[in-house]
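Q: Quick one: structure below, then a few questions.
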Amino acid sequence: MKKRKILSLCLAILLLVMTGCGNNKEGADIPSGSTGSAGSAEGTKSPAESDPNVIENAKGRFLESDVEMPETVDLIRVMEKLEDGRIACFDGYSGMYISEDNGESFSMKEMAVMDEILKEEKYVSGAAIGKDGSLLLQYYEEGGNICIYVDKDGNEVSRFEEEEHTFCYSFLSDGRLVSGSNDGVFEIDPENGAMSKICDSKSTVWYIKQVGNYLYFAEDNRLECYNLSTKSFENDDVLEEFIKEDLSFGNADSYPALICEGDTEDSLYVLSRKGLFRHVIKGSVMEEVIKGSLGSMGSPAYYLSGIVFMDKENLLICYNGNMMKAYKYDPDISAVPEHELSVYSLKENDALRVAINLYQQANPDTYISYEVGMTGTDQMTREDAIRNLNTALLSGEGPDILVLDGLPIESYIEKGILADLSDDISAKYPAGSLYENITGSYKNDKGVCAVPTFFAFYLCAGEDVKGIDNLTALADKVEALRRENPERNIIGSYLEEELAQRFYDMSSYGFIKEDGSIDKEKLTEYLTCLNRIWDVESEGLDTDKIKMRMDAYTYSQGVGMDDWYSKSLQYCNAYMEGECRLILGEEDSLAWGYTEITSVFKAVGKEMDIKVLSGFSGNVFMPRTIMGVNASGSQKEAATDFVMSMLSKKVQTGAVVSAGFPVNREAVKESLAVCEPSETYGWTSSSDENGTIVDLEIIWLDKNEQEQFLAMIESLDTPANLDGNVKDTVINVSMEVLKGRMSVDEGVNEIVNRVQIYLAE
-17 MKKRKILSLC LAILLLVMTG CGNNKEGADI PSGSTGSAGS AEGTKSPAES DPNVIENAKG
43 RFLESDVEMP ETVDLIRVME KLEDGRIACF DGYSGMYISE DNGESFSMKE MAVMDEILKE
103 EKYVSGAAIG KDGSLLLQYY EEGGNICIYV DKDGNEVSRF EEEEHTFCYS FLSDGRLVSG
163 SNDGVFEIDP ENGAMSKICD SKSTVWYIKQ VGNYLYFAED NRLECYNLST KSFENDDVLE
223 EFIKEDLSFG NADSYPALIC EGDTEDSLYV LSRKGLFRHV IKGSVMEEVI KGSLGSMGSP
283 AYYLSGIVFM DKENLLICYN GNMMKAYKYD PDISAVPEHE LSVYSLKEND ALRVAINLYQ
343 QANPDTYISY EVGMTGTDQM TREDAIRNLN TALLSGEGPD ILVLDGLPIE SYIEKGILAD
403 LSDDISAKYP AGSLYENITG SYKNDKGVCA VPTFFAFYLC AGEDVKGIDN LTALADKVEA
463 LRRENPERNI IGSYLEEELA QRFYDMSSYG FIKEDGSIDK EKLTEYLTCL NRIWDVESEG
523 LDTDKIKMRM DAYTYSQGVG MDDWYSKSLQ YCNAYMEGEC RLILGEEDSL AWGYTEITSV
583 FKAVGKEMDI KVLSGFSGNV FMPRTIMGVN ASGSQKEAAT DFVMSMLSKK VQTGAVVSAG
643 FPVNREAVKE SLAVCEPSET YGWTSSSDEN GTIVDLEIIW LDKNEQEQFL AMIESLDTPA
703 NLDGNVKDTV INVSMEVLKG RMSVDEGVNE IVNRVQIYLA E
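Residue 653 in this note's numbering is what sits at position 671 of the sequence shown, and the numbering runs on without skipping anything.
Pasting the structure below:
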């Protein structure tokens, strides 16, 4: 089983520049999409019949297919088309691979230096490939980064220590080696590592590569254009504005965008989640070549690793470090899919985007338009977004497919807005193939009108958690632990906002009745328990830590990570650092969540236990990406087919980690088989208040731990109430109670009154 070291290091913008193909003017005769725009990607949201820029009956589109790669490929860091036409790519965990047949197959190139690096388990953090096949690789060893220059035949030429910390390397067309650092762009003599500055930079340079006579290099939040001939900076306003939103922080092993040399000396291609675009240097247009929503580049499940053009009708793109896909231009297929389905979600949903991407690849004649009610940039409130959606549904113009997270699901079912999916689920997925305790969350006398496709649940972990069966028992435990540990935080919360958010989902079903109204007695019990826990947690908190947590909390809200402090993952490192005595929170990931908790047990060397945590009775879970079909829609059959595809193993295993646990049993089984039992999966690290690094080896679940995890899933029996308006109301008022601005009774009355008004509307 292959393993990859996963580092918790985040680097800023990284882009990669590769080779391209030939013509000579803006709007040149190359295969392209049917739309163009001045510095934007407009016209990419709908099919031909609804896009005014599309020529009716236009033909020609790139189609995507898989390329089988050697099993040893794990983390491709750079791809290049060599001057002799071969394609080279370098994998940081195995070495150089060469394709002699235009990317149809790859074979490893033997290099003694890679054998040495692999034997010594060095981590290769950077690489560059020259047009002649030479290689520069960078690896870390104690004391700093070491660079090795290898000639085209695979022989080591030189080895040197970096003079200045470097974040990227690239070969120019004339063979010179250049690098980017905190202080600018440098030329490096590969024989001895001597550096000479080419130009300054305003901040850290994360990418650098030549396109024609220009060096394009990306800094922390901007793209610079440097003319090699005149040795001066110039502006490429349209490109800089277009790519700005892609210059965001990301994983050290991924690229938010890739730029490759174009089909002429004065053109280039840009690849990002928006798609593939052609641009004439300093021109006014970004011409769409491949629509992002119609290829893997538009899926959140894939990050970009490299791109190479073989010719103007064939290109290769590497995703996730080890997945190669070929794109071939088909002149006979419709330029834009002929059929359209519409799907709506209240907030951006990455799991849905993965499903859309896979469905469109399997059904190239269908385009799925995706509308998000609250984008986070348009000042749209939840109430207004739902009101607009309801108006569209009642007028018969609503979307074909609904993602019901945060929407009034029970009301939609009661009013007959959603179609019954029970017969389709039974026909497609025989009994036992799905976790029916999850997929049947909304089953009633009307059938199954809403089906969760993923889920999460709350858990509690620690040295003695067996008796914590509800929120009252948890409050008792927190108070007891404080008596034993008078100077230590117990559950790791520093803010009232955190606490109010952490316990809502696992408790909401207890105080929200079937008709949506509030059970005052249960709500009183809930707020009383929150107060008891906060009285313990808030005692003696360090003011500097409170400020740090508030800054982090504010940042997480600003980037859309509203629920970050509900996650159990947030408290694993805190436990190891002595910042809490219990790990508790929402769990939605196996690899970087549940397995991390069990790894903490092993790291601290204590007998610990883990169990499902609920606010009242039952074992609560949070349904995720809940799908429904518009009963009044004109394309119910196609819409239902899409929803059924979301329950498939392919979609469930291909979704992003944050989607939640799959409801497909085979997908869960496959997830558990990612590593061998008790094998090292990866590493993570954090620093304590003194700056001391705390490392954690992630050890895969052993057989007993896997059985315990599966038993937890089987035990889940109570779906949380996910009505977003009620949730916002309860959390906001709970914060006021915890801050002492309201009594518990006043908070209960305020919540009841607000919810009654909401239900009346």
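Cβ atoms here follow ideal geometry from the backbone N, Cα and C, with glycine treated the same way.
Computed from a predicted model, the values in this text were never measured in an experiment.
1) When the Cα of Leu323 is compared with those of Thr700, Tyr557, Val611, Thr357, which residue comes out closest?
2) Going by CA-CA distance only, name the one from Leu276, Gly126, His261 that's closest to Arg255.
3) Classify Tyr349 as helix, strand or coil using the three-state DSSP reduction.
4) First and last residue of the alpha helix (DSSP H) that includes Thr635?
5) In chain order, what residues of the same chain have a beta carbon less than 7 Å from the beta carbon of Asn209, not counting five sequence neighbours either side?
6) For the putative contact between Ser596 and Asn471, defined by C-beta atoms under 8 Å, what is the C-beta separation to the nearest angstrom?
7) Does DSSP put Asn686 in a helix, a strand or coil?
8) Curious, which full-length alpha helix (DSSP H) runs of at least 4 residues does the region 346 to 405 contain?
9) Going residue by residue through the region 551 to 598, where are the continuous beta strand (DSSP E) segments of at least 3 residues, counting only ones entirely within it?
10) Give me the Cα-Cα distance between Ile190 and Phe149, rounded to the nearest whole angstrom.
11) Would the beta-carbon of Val325 fall within 8 Å of that of Ala637?
12) Is it right to say His261 is buried, meaning 16 or more other beta carbons lie within 10 angstroms of its own, or is it exposed?
13) Fully enclosed by the region 280 to 346, which beta strand (DSSP E) runs are 3 residues long or longer?
14) Where do the N-terminal and C-terminal ends of the beta strand (DSSP E) with Gly610 fall, by residue?
15) Is Asp727 buried or exposed, if buried means 16 or more other CB atoms sit within 10 Å of its CB?
16) Quick one: what's got a C-beta closer than 7 Å to Met558's C-beta in the same chain, skipping five residues either side?
17) What do you get for Ala655, buried or exposed, if any count of 16 or more other CB atoms within 10 angstroms of its CB means buried?
18) Between the alpha carbons of Glu123 and Ile99, how many angstroms are there, rounded?
19) Can you list, in chain order, the stretches of the beta strand (DSSP E) that have 3 or more residues and sit fully within the region 403 to 450?
20) According to DSSP, what are the bridge partners of Leu253?
21) Which of the three DSSP states is assigned to Asn452 in this structure?
22) Judging by CA-CA distance, which residue of Cys657, Glu270, Val594, Ile69 is the nearest neighbour of Gly288?
23) Taking the runs of the beta strand (DSSP E) that are 3 residues or longer, which of them lie wholly in the region 48 to 81?
24) Looking only at C-alpha atoms, which of Glu201, Leu386, Met590 sits nearest to Asn703?
25) Excluding sequence positions up to five away, which residues of its chain have a Cβ less than 7 Å from the Cβ of Glu247?
26) Can you say whether Ile528 is buried or exposed, counting buried as having 16 or more other CB atoms within 10 angstroms of its CB?
27) Does the beta-carbon distance from Val167 to Ser183 come in below 8 Å?
28) Any idea which residues DSSP pairs Pro644 with across the strands?
29) Drop a sphere of 10 angstroms on the beta-carbon of Asp245, count the other beta-carbons inside from all chains shown, and report buried for 16 or more, exposed for fewer.
30) Distance check for Tyr417 and Cys242, CA to CA, integer angstroms please.
31) In the DSSP assignment, find the unbroken alpha helix (DSSP H) run with Ile733 in it and report its ends.
32) Should Glu578 go down as buried or exposed, given a rule of 16 or more other Cβ atoms within 10 Å for buried?
33) Which of the three DSSP states, helix, strand or coil, is assigned to Ser19?
34) With C-beta atoms as the reference, is Glu201 less than 8 Å away from Thr212?
35) Would you identify the three-state DSSP class for Ile472, choosing helix, strand or coil?
36) Less than 8 Å between the C-beta atoms of Tyr285 and Tyr301, yes or no?
A: On the basis of the coordinates in this document:
1) Val611
2) Leu276
3) strand
4) 631 to 636
5) Asn195, Tyr196, Glu216
6) At roughly 23 Å, the Cβ-Cβ gap does not stay under 8 Å, so Ser596 and Asn471 are not in contact.
7) helix
8) 364 to 376, 391 to 396
9) 565 to 569, 591 to 594
10) 10 Å
11) no
12) buried
13) 286 to 293, 296 to 301, 305 to 316, 321 to 327
14) 602 to 611
15) exposed
16) Val582, Ala585, Val586, Val676, Leu678
17) exposed
18) 11 Å
19) 433 to 444
20) Leu240, Leu258
21) coil
22) Ile69
23) 58 to 63, 69 to 73, 77 to 81
24) Leu386
25) Gly194
26) exposed
27) yes
28) Phe436
29) buried
30) 45 Å
31) 726 to 742
32) buried
33) Model confidence at Ser19 stands at a pLDDT of 40, short of 50, so the residue's coordinates are unreliable and nothing is read from them.
34) no
35) coil
36) yes
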